[in-house]
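J.: Residue numbers (the numbering used here), protein chains in the order written: chain A, 1 to 443; chain B, 1 to 543. Please find one structure pasted underneath; my questions will follow.
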């Protein structure tokens, strides 16, 4: 019952809207079934399934807003939740930043659902754990991993006639493989909408290879190096930067996109001309819902185009205040790149360092988006197009803004696992003068 | 309902229908209700009977009601008020030597019994691939007992109007003192937890926590520079009395910075923050190099958390967290070898007892009576943090009481207790400590933090930085971060102020596990000196 059909959802939402006497009413149903399995030390540790469904009702009387939620759907329960939201709205203070609900519109559906992912069974999860653990056991390696799969739906409607319904699926697999003596460690991550493309047997080999190859790492002096960041290594830094694309923050002077003397950097060249970030709900490999959390329709739009800031993100209130068009907040970011694989980039590198994973990234200075973090689970020295030897992990202090001005080459974008708030496709990238500030003994 | 209850659910600032996190939105007046203990006992008994009948050798039941209130403001606006409730029952069993867990949000005896049977079925399925059976350290049943956070004023009973008025005064003080922007918040948490087990315990606990953070921002439009200053409060295991400031709880540094202990003057701190945020815009950029650091408890707590608290979690040490939080450099062989973790001055105690701390409870989430025990003695590693099924690995006959789950719906596992640096044994005040430093930096408040997956290499920023020259604080500094290797850093500890300066730092949302769970934990210390620590300059230019 956690996943409703469109007709079931529509019936409930229509009843809610009809029950409300407020100036405006918006109702949203969200439901999900999440399954997971966790393993460590070559044994399954926990597994489970969690189902959930909720109805949220928001009403407005003028600028007074109230929200109530419920997880029962009988007629009396629906009447109760609407009454509750209306009582709350009548007692609320006026919200000076109130913006009316979205007008009725037609949302162009995006292909966010895959039947195979929705059909994953506990036995299949157990099989993924087995397929991860067995080859590691056989080679005296130690696996620790996590598989999480989810199917969900969102349906919403408002008193202006807007209605949306869509289902989605996603699976996320990560596995860390360590050598038995603890001297080597490798990692693999796979984020997919359609689990039928998931091949744990070949993925685990990536982590196993990195674990074995990263043992007996040599220390290099910290400093500025040419680096190749694998997509999952780059995404951790880049996703942080998009927290600062909010137009209000930039206009208020507290973002790297604020301009000296006031205003923001919309239209300015901030990155290397090869840098383009596109938000696109209908992207073939990374589709997301065609509306945002407030039901506003999303659009295909560049945030950065050829290195220039093409769009900032406006809340409805700030857009209204600044006389800008309101668009839905993006749900994904697709970075442009080329066709090369990480291996191709390595082959074309005279000297450099391959970083396969970054870890514990935190903001040091929001003024410049300076971030610190570490490399982990396989860092290698490259010489004349070959991985020469593993190197000890580094701490870096680097800004993605500076990093994306030091591009040497970009590879093929892929879906990444750790994209932060937004789903991301990021290419592997070769960068000049990446700043490592100290060595870490951690494996 | 009346006007006073106007904020009785989320949505003041919400233009859409975003669901609040954590649970179901409820009315403010429901935050003070609790479940009848007799009902909870009946549910627990139903679960335990069903589990035993299905073949469980052990069963514990947690009937939980988790309440949260979150108020957010910016400048003169209340952006949102969220009250949430999440209630349900989690049942954990051992069957066939393996753990099984299941949970339900239904509070009927039938649903709870079904859930117990499901937990047994999961345990039996897990048992097929189990290499060694679960070994539980013995815990004596305690019968029917109660424990509650000692409160003078239950925050859930304080009117929303009073809370909003306080935050508006905070914001007003900051703006009046020169801030361009201010965001302030108030978090209140109440965990009503009923634990029962087949060992014969029925434990009813009422746990309260409070946190009141703010951020003040100053902008210099002409240069495009902006700087923020966070509040110097600590989240606490206390009631609303924490926000009733008492003069005796304040500490004054030689340059007039006020730090807070068991109570907090949020308005005063916001006013100071506005002045200091503006000072930061023109403060001297630090020259990189080695300095003696004088670290305030409200800063040092996070360093203790990351570089001692986490590496001594036994599940991490053993490899259970390898895929997410990581492992630990502090392996079991190091305990056997009395590894020199820090200088002789460094004594670290773990506890779940300190009054006012976030970790304080009467019993942990597997019914173990809480206690205090040493982790590091005279600089040497002596112990870890363990749960009932881990105690035997350390050769112990009892659990340390470190089990915690963040909800009735999540399975309990090993979480960090309070981990605190003991005050210096010889009298030493903050002023005396600073007077003894030739070339140093005084750091207060939390800043950015990052540490590797085995807890060796860390980098910490802070909120406020001051240059110390020849025993005197001379001027504010900016762009400061220090980098450290854990054992070298703790072995560079050269002085600790005495117990007069002892205060608690807190971490309200510490993440661990997959799926991730949060926990709250305090770290006590007095101001402490570390010699010759590597400081880097974090200023960059975007051209």
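For glycine and all other residues, C-beta sits at the position ideal for the given N, C-alpha and C.
1) Looking at residue 616 of chain B: is its Cβ nearer than 8 Å to the Cβ of residue 368 of chain B?
2) In this structure, does DSSP put residue 467 of chain A in helix, strand or coil?
3) Using the beta-carbon of each residue, which ones in chain A are nearer than 8 Å to residue 131 of chain B?
4) Cα separation between residue 366 of chain A and residue 70 of chain A?
5) Quick one: what does DSSP say residue 22 of chain B is sitting in, helix, strand or coil?
6) Cβ of residue 46 of chain A less than 8 Å from any chain B Cβ?
7) Determine the direct distance from the alpha carbon of residue 232 of chain B to that of residue 226 of chain B, and round the result to whole angstroms.
8) Helix, strand or coil: how does DSSP classify residue 280 of chain B here?
9) Suppose contacts are defined by Cβ-Cβ distances below 8 Å. Is residue 302 of chain A in contact with residue 310 of chain A by that definition?
10) Please list the terminal residues of the continuous beta strand (DSSP E) segment that includes residue 144 of chain A.
11) Could you check the C-alpha separation between residue 46 of chain B and residue 110 of chain B for me, to the nearest Å?
12) Grouping DSSP H, G and I as helix and E and B as strand, with all else coil, what is residue 293 of chain A?
13) Kindly say whether residue 419 of chain A, judged by its beta-carbon, lies nearer than 8 Å to any beta-carbon of chain B.
14) Looking only at its chain, what residues have a beta carbon closer than 8 Å to the beta carbon of residue 95 of chain A, apart from the 5 residues adjacent to it on each side?
15) Skipping 5 residues on each side, what residues in its chain have a beta carbon closer than 6 Å to that of residue 436 of chain A?
16) For the beta strand (DSSP E) that residue 419 of chain B lies in, which residues bound it at each end?
17) Quick check on the DSSP output: the alpha helix (DSSP H) that includes residue 120 of chain B runs from which residue to which?
18) Is residue 188 of chain B helix, strand or coil when you go by DSSP?
19) Answer with buried or exposed for residue 252 of chain B, where buried requires no fewer than 16 other C-beta atoms within 10 angstroms of its C-beta.
20) Against residue 621 of chain B, what residues of chain A qualify as contacts under a CB-to-CB distance less than 9 Å, listed in chain order?
21) Within 8 Å of any Cβ in chain B, is that where the Cβ of residue 370 of chain A sits?
22) Per DSSP, residue 381 of chain A is paired with what?
23) Answer yes or no: does any C-beta atom of chain B fall closer than 8 Å to that of residue 144 of chain A?
24) So what's residue 34 of chain A in DSSP terms, helix, strand or just coil?
25) Quick one: what does DSSP say residue 305 of chain B is sitting in, helix, strand or coil?
26) In three-state terms, what does DSSP make of residue 241 of chain A?
27) Any idea if residue 150 of chain B is buried or exposed, counting beta-carbon neighbours within 10 angstroms, 16 or more meaning buried?
28) Closer than 9 Å, Cβ to any Cβ of chain D: which residues of the region 515 to 542 of chain B, in chain order?
29) Please report the distance separating the alpha-carbon of residue 247 of chain B from that of residue 501 of chain B.
30) Given this structure, state the Cα-to-Cα distance separating residue 89 of chain B from residue 363 of chain B, to the nearest angstrom.
31) Apply the 10 Å Cβ neighbour rule to residue 152 of chain B and answer buried if 16 or more other Cβ atoms are within range, or exposed otherwise.
32) Taking 8 Å as the threshold (beta carbon to beta carbon), is residue 93 of chain A in contact with chain B?
33) Once you ignore the five residues that flank residue 281 of chain A on each side, which residues in its own chain have a CB closer than 6 Å to its CB?
34) Among the residues of its own chain, which have a CB less than 7 Å from the CB of residue 331 of chain B, if the five just before and after it don't count?
35) Between B:75, B:198, B:159, B:104, which has its C-alpha nearest residue 56 of chain B's C-alpha?
36) Please give the ranges of any alpha helix (DSSP H) in the region 206 to 276 of chain B, keeping only runs that are unbroken, at least 4 residues long and fully inside the region.
T.: In terms of the structure at hand:
1) Past the edges of chain B, shown from 1 to 543, lies residue 616 of chain B, and the structure says nothing about it.
2) No answer is possible for residue 467 of chain A: it lies beyond the span of chain A, which begins at 1 and ends at 443.
3) Position 131 of the second chain, counted from the first residue, corresponds to residue 131 of chain B. Per Cβ cutoff of 8 Å: 43.
4) As a first step, residue 366 of chain A must be located in the first chain, where it is residue number 366. As a first step, residue 70 of chain A must be located in the first chain, where it is residue number 70. So the alpha carbons of these two residues sit roughly 39 Å apart.
5) Here residue 22 of chain B refers to the residue found at position 22 of the second chain. Reliability of the predicted coordinates at residue 22 of chain B is poor, the pLDDT of 48 falling under 50, and the value obtained from them is presented with this limitation in mind. The answer is coil: DSSP assigns residue 22 of chain B none of H, G, I, E or B.
6) On the first chain, residue 46 of chain A is found 46 positions in, with the first residue counted as 1. True, the Cβ-Cβ gap to chain B drops below 8 Å.
7) Sequence index remark: in the second chain, residue 226 of chain B carries index 226 (1-based). Sequence index remark: in the second chain, residue 232 of chain B carries index 232 (1-based). About 19 Å.
8) Within the second chain, residue 280 of chain B is the residue found at index 280, counting from 1. Helix, per DSSP.
9) Numbered from 1 along the first chain, position 302 holds the residue referred to as residue 302 of chain A. Numbered from 1 along the first chain, position 310 holds the residue referred to as residue 310 of chain A. Taking 8 Å as the Cβ cut-off, residue 302 of chain A and residue 310 of chain A qualify as a contacting pair.
10) Position 144 of the first chain, counting from 1, holds the residue named residue 144 of chain A. Where residue 144 of chain A is concerned, the enclosing beta strand (DSSP E) stretches over 141 to 158.
11) Counting from 1 along the second chain, the entry for residue 46 of chain B is found at position 46. Counting from 1 along the second chain, the entry for residue 110 of chain B is found at position 110. Taking the straight line joining both Cα atoms gives about 8 Å.
12) Start at 1 with the first residue of the first chain, and residue 293 of chain A comes out as number 293. Looking at residue 293 of chain A - three-state DSSP - the assignment turns out to be coil, as it is neither helix nor strand.
13) Residue mapping note: residue 419 of chain A aligns to position 419 of the first chain, counting from 1. Confidence in residue 419 of chain A is poor, its pLDDT being 48 and thus under 50, which makes the residue's placement unreliable; the coordinate value appears in the next sentence. Closer than 8 Å: no.
14) In the first chain, counting from the first residue as 1, residue 95 of chain A sits at position 95. Closer than 8 Å at the Cβ level, and outside the excluded window around residue 95 of chain A, lie 63, 64, 65.
15) Against the first chain, residue 436 of chain A aligns to sequence position 436. Cβ within range, chain order: 222, 394, 396.
16) As a working note, residue 419 of chain B is residue 419 in the second chain. 418 to 421 is the span of the beta strand (DSSP E), which, as asked, contains residue 419 of chain B.
17) Taking the second chain and counting its residues from 1, the one referred to as residue 120 of chain B is at position 120. First-last of the alpha helix (DSSP H) with residue 120 of chain B: 109 to 127.
18) Position 188 of the second chain holds residue 188 of chain B. Three-state result, residue 188 of chain B: strand.
19) Residue numbering aside, residue 252 of chain B sits at position 252 when the second chain is read from its first letter. Its Cβ having fewer than 16 others within 10 Å, residue 252 of chain B is exposed.
20) The structure shown does not extend to residue 621 of chain B, since chain B spans only 1 to 543, so no value can be given for it.
21) Translated into the one-based positions of the first chain, residue 370 of chain A becomes position 370. Taking Cβ atoms only, chain B reaches closer than 8 Å to residue 370 of chain A, which makes this a yes.
22) The residue you call residue 381 of chain A lines up with position 381 of the first chain. BP columns for residue 381 of chain A point to A:353, A:389.
23) In the first chain, counting from the first residue as 1, residue 144 of chain A sits at position 144. Output row for residue 144 of chain A: interface = yes.
24) Along the first chain, read from residue 1 onward, the residue named residue 34 of chain A stands at position 34. Correct three-state label for residue 34 of chain A: strand.
25) In the second chain, counting from the first residue as 1, residue 305 of chain B sits at position 305. Correct three-state label for residue 305 of chain B: helix.
26) Here the question's residue 241 of chain A lines up with position 241 in the first chain. Residue 241 of chain A falls in the helix class under three-state DSSP.
27) Start at 1 with the first residue of the second chain, and residue 150 of chain B comes out as number 150. Classification for residue 150 of chain B: exposed.
28) Chain labels in this structure do not include chain D; the protein chains are A and B.
29) Here residue 247 of chain B refers to the residue found at position 247 when the second chain is read from its first residue. Here residue 501 of chain B refers to the residue found at position 501 when the second chain is read from its first residue. Whole-angstrom Cα-Cα distance: 14 Å.
30) As a working mapping, residue 89 of chain B is identified with position 89 in the second chain. As a working mapping, residue 363 of chain B is identified with position 363 in the second chain. Between residue 89 of chain B and residue 363 of chain B, the C-alpha separation is close to 18 Å.
31) For the purposes of this step, residue 152 of chain B is identified with residue 152 of the second chain, where counting begins at 1. By the neighbour-count rule (16 or more Cβ atoms within 10 Å), residue 152 of chain B is not buried but exposed.
32) The count along the first chain starts at 1 and reaches residue 93 of chain A at position 93. Answer yes: the Cβ-Cβ gap between residue 93 of chain A and chain B drops below 8 Å somewhere.
33) The residue labelled residue 281 of chain A in the question sits at position 281 within the first chain. Counting only Cβ-Cβ distances below 6 Å, and skipping sequence neighbours, we find 110, 288, 290, 298.
34) Your numbering for residue 331 of chain B matches position 331 in the second chain. Excluding residues within five positions, the ones whose Cβ falls inside 7 Å are 317.
35) Counting from 1 along the second chain, the entry for residue 56 of chain B is found at position 56. With distances taken between Cα atoms, residue 56 of chain B lies closest to B:198.
36) none
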